[in-house]
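Numbering (the numbering used here), first residue to last: 45 to 423.
Shown next, in structure tokens, is the structure this report addresses.
Take a look at the structure:
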């Protein structure tokens with residue numbers, strides 16, 4: 045670091061020094077911390093801002109952010125020195141230097157900082173820059189996979205989910221799932237992105253459903269050759285896409301009613317909650333998608349992976365939600381799609397799983413089917 049400070053005006057010294065920082069800090073907590081204490085983060089951020097004119101410097105600077113950023117103290121220093129805005133500029137740049145490999149490094153850098161600074165990345169415009177990069181290079185497998193991972197990281201904040209949705213993150217995630225059906229790692233991260241985007245709002249869920257999100261989840265769950273890990277991610281995404289459709293009330297209206305009457309008397313609170321619970325959920329109903337196809341796919345996934353307790357638990361919980369629908373047709377479809385057999389098998393295979401046992405009893409008590417618990421009820 046003394047060389048950088050003494051000869052900071054020399055382009056060659058700066059290039060070599062930043063490259064050395066990246067190499068020394070990579071996968072080495074002690075070196076990364078020591079370099080950060082000596083001013084490496086500020087030097088890297090400064091180089092990052094200049095890198096648009098020097099490919100070697102830009103590449104080394106991005107590698108250094110990836111190496112230094114996972115440590116919170118270093119991430120704080122990089123953000124304070126302007127690294128987030130520099131990354132956003134790279135992701136949206138039209139420069140020939142910012143080719144797919146360079147943009148990949150920028151996405152990796154954003155992910156490294158995102159663990160601690162999603163708000164700063166959002167303020168700098170990284171959400172829009174990320175989706176712009178994914179749209180620009182739809183055929184780059186590694187870039188798309190890293191981008192899906194970054195969407196999940198950035199979407200940890202509700203504000204970021206709104207900005208990602210507006211920028212087209214839903215379309216980017218579904219496009220990646222379709223484009224790379226044989227890459228399991230990308231599929232896992234893409235379905236995770238769909239799930240977190242679907243959890244944002246009714247508008248986001250509707251956009252994903254209209255773009256074919258449900259059909260992609262159904263197709264994957266119906267394929268017995270897929271791994272249990274991937275099917276868990278697809279089932280999580282499907283749950284967030286459509287579970288609200290089976291509610292008999294508007295969840296947002298109930299939350300708003302509770303907030304509005306927090307300091308009111310009991311009589312006013314009761315009236316407000318009654319009105320909220322009587323309001324149907326907006327923009328979605330079981331008739332808006334093929335309930336039988338959904339239930340059949342979930343049952344198929346459960347039959348294909350009977351030893352995977354998490355998938356079995358999620359499947360039983362999902363059927364509980366369907367059974368709570370006011371539509372009697374949903375109850376009939378549960379009996380014909382294989383759900384009963386899937387849940388019975390799950391109960392027998394995993395008698396120790398309290399959540400699964402409770403979900404089975406709760407769902408089928410409501411859904412006019414009788415399922416006996418394999419465990420004795422505790423008083």
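C-beta atoms are modelled at their ideal positions from N, C-alpha and C, and glycine is treated no differently.
Inter-residue spacing [alpha-carbon to alpha-carbon] between residue i and residue j
i: residue 135; j: residue 341; result: 38 angstroms
i: residue 87; j: residue 81; result: 12 angstroms
i: residue 243; j: residue 191; result: 19 angstroms
i: residue 385; j: residue 288; result: 25 angstroms
i: residue 381; j: residue 350; result: 17 angstroms
i: residue 227; j: residue 149; result: 20 angstroms
i: residue 428; j: residue 208; result: No answer is possible for residue 428: it lies beyond the span of the chain, which begins at 45 and ends at 423.
i: residue 58; j: residue 83; result: 14 angstroms
i: residue 257; j: residue 250; result: 9 angstroms
i: residue 245; j: residue 389; result: 34 angstroms
i: residue 353; j: residue 397; result: 8 angstroms
i: residue 345; j: residue 170; result: 37 angstroms
i: residue 361; j: residue 118; result: 42 angstroms
i: residue 363; j: residue 238; result: 21 angstroms
i: residue 319; j: residue 368; result: 20 angstroms
i: residue 374; j: residue 224; result: 33 angstroms
i: residue 65; j: residue 248; result: 42 angstroms
i: residue 290; j: residue 93; result: 50 angstroms
i: residue 152; j: residue 100; result: 17 angstroms
i: residue 255; j: residue 172; result: 20 angstroms
i: residue 259; j: residue 144; result: 30 angstroms
i: residue 71; j: residue 236; result: 26 angstroms
i: residue 189; j: residue 343; result: 29 angstroms
i: residue 54; j: residue 271; result: 53 angstroms
i: residue 269; j: residue 220; result: 20 angstroms
i: residue 115; j: residue 73; result: 8 angstroms
i: residue 399; j: residue 357; result: 7 angstroms
i: residue 60; j: residue 78; result: 18 angstroms
i: residue 304; j: residue 401; result: 37 angstroms
i: residue 213; j: residue 106; result: 23 angstroms
i: residue 181; j: residue 56; result: 31 angstroms
Inter-residue CB distance, residue i and residue j (contact presumed, cutoff 8 angstroms)
i: residue 282; j: residue 274; result: Rounded, the Cβ-Cβ distance is 13 angstroms, inconsistent with contact.
i: residue 204; j: residue 162; result: 6 angstroms
i: residue 174; j: residue 196; result: So it is not a contact: roughly 11 angstroms between Cβ atoms.
i: residue 157; j: residue 113; result: 5 angstroms
Close beta carbons around residue i, own chain, < 6 angstroms, minus the five adjacent residues each side
i: residue 377; result: 335, 336, 339
i: residue 63; result: 104
i: residue 126; result: 89
i: residue 147; result: 177
i: residue 261; result: 278, 281, 282
i: residue 124; result: none
Three-state secondary structure (DSSP) of residue i
i: residue 314; result: helix
i: residue 212; result: coil
i: residue 416; result: Low local confidence applies: a pLDDT of 41 at residue 416 is under 50, so the model's placement there is unreliable, and no value is given.
i: residue 352; result: coil
i: residue 141; result: coil
i: residue 443; result: Past the boundaries of the shown model lies residue 443; the chain is included only from 45 to 423, so the question cannot be answered.
i: residue 389; result: helix
i: residue 244; result: coil
i: residue 368; result: coil
i: residue 160; result: coil
i: residue 397; result: coil
i: residue 193; result: helix
i: residue 429; result: Residue 429 cannot be examined here, being either before or after the span of the chain that is shown, 45 to 423.
i: residue 75; result: helix
i: residue 82; result: coil
i: residue 201; result: coil
i: residue 104; result: helix
i: residue 375; result: helix
Beta-carbon proximity of residue i to residue j, cut-off 9 angstroms
i: residue 211; j: residue 241; result: no
i: residue 355; j: residue 279; result: yes
i: residue 111; j: residue 69; result: yes
i: residue 232; j: residue 277; result: yes
i: residue 131; j: residue 165; result: yes
i: residue 184; j: residue 141; result: no
i: residue 216; j: residue 179; result: yes
i: residue 234; j: residue 252; result: no
i: residue 348; j: residue 366; result: no
i: residue 91; j: residue 76; result: no
Beta-carbon contacts of residue i that lie in its chain and below 7 angstroms, excluding the five residues immediately before and after
i: residue 418; result: Any answer about residue 418 is weak, because its pLDDT of 38 lies below 50 and its placement is not dependable; what the coordinates show is given next. Answer for residue 418: 391, 392, 395, listed in chain order.
i: residue 387; result: 360, 363, 404, 415
i: residue 121; result: 80, 85, 86
Contact set for residue i: own chain, Cβ-Cβ below 8 angstroms, skip 5 residues either direction
i: residue 168; result: 128, 129, 131, 132
i: residue 201; result: 162, 163, 166
i: residue 222; result: 260
i: residue 333; result: 253, 258, 286, 289
i: residue 315; result: none
Cutoff 9 angstroms: residue i Cβ touching any chain B Cβ
i: residue 170; result: No chain B appears in the structure shown, which is made up of a single protein chain.
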